[in-house]
Structure formats: structure tokens, C-alpha cells
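The sequence shown begins at 105 in our numbering and counts up one residue at a time.
Yeah, the Cβ is synthetic: ideal placement off N, Cα and C, and Gly gets one too.
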Amino acid sequence: MSDDWSPDDPDVVRVHYDLSRWSFDQQAELASDLTEAAIPHAWDGNELLVPEDFEIATDTAITLVEERLGIDDAALEAEDAPLGEPEPIELGEDVITTEYDLGEWSDDERGIVGTLLIRQHLPFRWDEHVLLVAHEHAGSVETILDAVESGEHDVVPTIDEPDAEAELEAEGEGAGEQLPYETLTTFFLAGERLHKNPLDANGLEELMRALDVADPANPPYGVERPLWEQTCALADELADALTEEDEPDTEAAQEIATELHDLLRPYV
105 MSDDWSPDDP DVVRVHYDLS RWSFDQQAEL ASDLTEAAIP HAWDGNELLV
155 PEDFEIATDT AITLVEERLG IDDAALEAED APLGEPEPIE LGEDVITTEY
205 DLGEWSDDER GIVGTLLIRQ HLPFRWDEHV LLVAHEHAGS VETILDAVES
255 GEHDVVPTID EPDAEAELEA EGEGAGEQLP YETLTTFFLA GERLHKNPLD
305 ANGLEELMRA LDVADPANPP YGVERPLWEQ TCALADELAD ALTEEDEPDT
355 EAAQEIATEL HDLLRPYV
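Right, here's the structure in full:
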């Protein structure tokens, strides 16, 4: 959660996203993308909370993660969003626009851009190969364009595309290989769930799976070693409190989970 925004602030309108259909790893990857994009956010179980001012940017981030990970049937909208497939929104003639000349792009690439704009409910129109969008939405549109130009996002993911869990396990195989930054986010989300409910089965499962691939001496990409070592130590203590005895020590587990959550909160 961002230190500059509190989800409990009564003066800020919050937008809610129900991500209960997403896996733990998918949520972790989204959290990492939101942090990288400097989008304030918080989690309440499987529900993502963001300030209303960041709704469009969050919609864009969610769509890009869906495309990257091949998430099916997960068109997650804000609480008051209409149901059903989104329809194109035509850009008004009196709107101040920003133009992008995509004449050198392929028809497929321009088609992907149009699809993502429709899914994000962003008004636009084409003037031959020039894309026109509202100036106020330029930031979100440029995020989409960068993603499509990088080749990371296709409209229809390939059947053989690995899921996030398989990628995490594959990254952990072999000595000296760095885990992705999202591994830190996985520990954070596990701590968040377990400090609220030490008997949360999904939280424990993800904690154990992350521990299986974590090496205290080999921090993930972009993570300082002292932080990573402390994270692994707390995660080990948390796992021990929940699994070592015949009965889990829920009181100790809750304290450790809270410490893990608070340690990682500034980085997620």
C-alpha cells in the first residue's frame, strides 16, 4: 500500500476490483505492476482498492496483466461498471486530442491497440493510420502503445503460454538464477492474508510455495539482499509457527505475519 494514501481516508473515493477469480500469483504480478506505475493501492482479501483518480490507469494495468498472463473470463470492472462486453466509445469532435502516427505499425498491432482501448473504455478514433485520443487519457494510451510495441501482449494468448506459477517455479530452478521481483510481492500478500487470518489456507499455500523457491543468499531482481534475508527469515518463522506443531500457534503466526506485512508494505 502506498504511504501517501490510506484506503480508510473518508475524503478519498475508492474504486473496488473483485479479483477473487485471479490466482495468488496473478494478483502478485498485478501488485508489482501497480507499484512500478506508482499507482496507490491496497488489498482487502481478494479485493483491490485504488483511489478514484487512478481508475483508468488501474484498468489499463489490469488489462495488460490479463493479456500477458492469458487470464480468461476475468474482465474485472469497478463496482458500478456495466456488465457485458465493452463497446467502442467514439471520440467527440470537440475534445482536445493527442495524435499518434501508427503508419509503420502492422494491421495486427493497430488491431490490438484498438481492442485494448475498447476494453479500457477509452474514447478514440482513427484518421487512416493516425490514432486520436483525448489528451487527458494520453498517459494510459501510451502505456498500451508501449506494451503492444514491445511485443509482450497479444489479443489471443498462445495455448502453450506458461502461467505465473510455472514461471515462478522455473525461475527458481538452477543455482544462481534470480527470481522475479514478484516473489517479494508473493510474500507480502501471504503476510497480508495471514495477519488477518492465520488459518487462511490460500495464504499458507502461497507462503510455502514461495519458500520452496526462495534462497536467502540470492535475492530477486531489484531487491536488496538485507531486505530479502529478513523477508526469508520471517517467512520461515511464520511457516514454522503454522506447521511445526500438532496445532498451529495462531497468536505467534499473526504477530510474525504482521511483521512480514509491515516490512514489505513500502516495496509493494
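Where residue i falls, given that 16 or more other Cβ within 10 Å makes a residue buried
{"i": "residue 284", "result": "buried"}
{"i": "residue 200", "result": "exposed"}
{"i": "residue 233", "result": "exposed"}
{"i": "residue 117", "result": "exposed"}
{"i": "residue 347", "result": "exposed"}
{"i": "residue 324", "result": "buried"}
{"i": "residue 307", "result": "buried"}
{"i": "residue 243", "result": "exposed"}
{"i": "residue 197", "result": "exposed"}
{"i": "residue 304", "result": "buried"}
Same chain, Cβ closer than 6 Å to residue i, neighbours up to 5 away in sequence not counted
{"i": "residue 134", "result": "169"}
{"i": "residue 320", "result": "333 and 336"}
{"i": "residue 119", "result": "154, 156, 159 and 182"}
{"i": "residue 214", "result": "206"}
{"i": "residue 241", "result": "226"}
{"i": "residue 355", "result": "none"}
{"i": "residue 359", "result": "none"}
{"i": "residue 279", "result": "Confidence is the limiting factor: at residue 279 the pLDDT is only 41, short of 50, which leaves the residue's position unreliable, though a coordinate-based value still follows. So the list is empty, once near-sequence residues are dropped."}
{"i": "residue 163", "result": "224"}
{"i": "residue 362", "result": "299"}
Closest by C-alpha distance to residue i, when choosing among the options
{"i": "residue 218", "options": "153, 198, 251 and 197", "result": "251"}
{"i": "residue 291", "options": "367, 205, 209 and 223", "result": "367"}
{"i": "residue 206", "options": "245, 322, 315 and 171", "result": "245"}
{"i": "residue 353", "options": "301, 294, 328 and 196", "result": "301"}
{"i": "residue 253", "options": "209, 230, 293 and 364", "result": "209"}
{"i": "residue 326", "options": "111, 139 and 113", "result": "139"}
{"i": "residue 364", "options": "124, 296, 247 and 211", "result": "296"}
{"i": "residue 216", "options": "171, 231 and 204", "result": "171"}
Residue range of the unbroken alpha helix (DSSP H) whose run includes residue i
{"i": "residue 330", "result": "329–347"}
{"i": "residue 297", "result": "286–300"}
{"i": "residue 112", "result": "Looking at the DSSP string, residue 112 is not in any alpha helix (DSSP H), and its letter there is neither H nor E."}
{"i": "residue 169", "result": "159–173"}
{"i": "residue 357", "result": "354–368"}
{"i": "residue 212", "result": "211–223"}
{"i": "residue 151", "result": "Per DSSP, residue 151 belongs to no alpha helix (DSSP H); it is in the beta strand (DSSP E), 151–155."}
{"i": "residue 124", "result": "Run containing residue 124: none; DSSP gives neither H nor E here."}
{"i": "residue 129", "result": "128–140"}
{"i": "residue 197", "result": "Here residue 197 belongs to no alpha helix (DSSP H), and DSSP marks it neither H nor E."}
Cut-off 8 Å between Cβ atoms - residues of its own chain near residue i, not counting five sequence neighbours on either side
{"i": "residue 175", "result": "126, 130 and 169"}
{"i": "residue 137", "result": "165, 168 and 169"}
{"i": "residue 111", "result": "105, 118, 146, 148 and 153"}
{"i": "residue 141", "result": "161, 165 and 247"}
Span of the beta strand (DSSP E), counted from its first residue to its last, around residue i
{"i": "residue 228", "result": "228–231"}
{"i": "residue 236", "result": "234–238"}
{"i": "residue 46", "result": "Residue numbering for the chain in the displayed model covers 105 to 372; residue 46 lies beyond these limits and cannot be assessed."}
{"i": "residue 203", "result": "201–205"}
CB of residue i within 8 Å of CB of residue j, strictly
{"i": "residue 239", "j": "residue 202", "result": "yes"}
{"i": "residue 357", "j": "residue 345", "result": "yes"}
{"i": "residue 298", "j": "residue 249", "result": "no"}
{"i": "residue 151", "j": "residue 122", "result": "yes"}
{"i": "residue 379", "j": "residue 228", "result": "This structure does not reach residue 379, given that the chain is present from 105 up to 372, and the question cannot be answered."}
{"i": "residue 351", "j": "residue 128", "result": "no"}
Cβ-based neighbour list, residue i, same chain, cut-off 7 Å, excluding 5 preceding and 5 following
{"i": "residue 132", "result": "286, 289, 290 and 293"}
{"i": "residue 194", "result": "227 and 229"}
{"i": "residue 328", "result": "none"}
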